Amino acid sequence: VQLQASGGGLVQPGGSLRLSCAASGSIFSTNVMGWYRQAPGKQRELVATITSGFRINYADSVKGRFVISRDNAKNTVYLQMNSLKPEDTAVYYCNLNRGLSGNYWGKGTQVTVSS
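Per my numbering, the very first residue in the sequence shown carries number 607; after that it's consecutive.
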């Protein structure tokens with residue numbers, strides 16, 4: 607399984623970015639895809655997850671600002687990030703969880719929110 611993330615960058619506070627992550631390989635039809643982030647000096651934390659059945663979970667810190675979605679036909683998960691804050695600055699990692707069949711991570715994409 608390979609996960610290819612894209613869409614990070616530098617944005618001003620209040621701005622928006624959209625992350626994408628395409629999965630390839632033995633995806634399996636039942637899985638959970640999601641986004642995690644890690645800021646300097648902090649542990650990796652959950653941002654949002656979405657199951658293949660479109661059940662969604664958000665971290666409290668991003669509720670109302672971020673929207674996760676997926677296209678099962680393309681094996682792709684998206685993260686629309688709105689009203690970005692400096693504290694959203696982190697490396698964002700795409701994740702594919704197939705339960706007992708494996709848990710996979712992308713390489714990460716940098717998101718920097720700064721004026």
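No residue lacks a Cβ here, since even glycine has one placed at the ideal position from N, Cα and C. Bear in mind that the values here come from a model prediction, so they are computed numbers and not experimental data.
Put simply, the stretch 685 to 693 does not touch the stretch 702 to 710. Fewer than three CB pairs are less than 8 Å apart. Residue environment for residue 672: buried (at least 16 other C-beta atoms within 10 angstroms of its C-beta). Residue 610 and residue 685 have their C-alpha atoms roughly 14 Å apart. The C-alpha of residue 720 lies about 11 Å from the C-alpha of residue 615. The three-state reading of DSSP puts residue 690 in coil, since its state is none of H, G, I, E or B. Here residue 629 is buried. Its C-beta has 16 or more other C-beta atoms within 10 Å. The alpha carbon of residue 678 has as its nearest neighbour, out of 652, 717, 702, the alpha carbon of 702.
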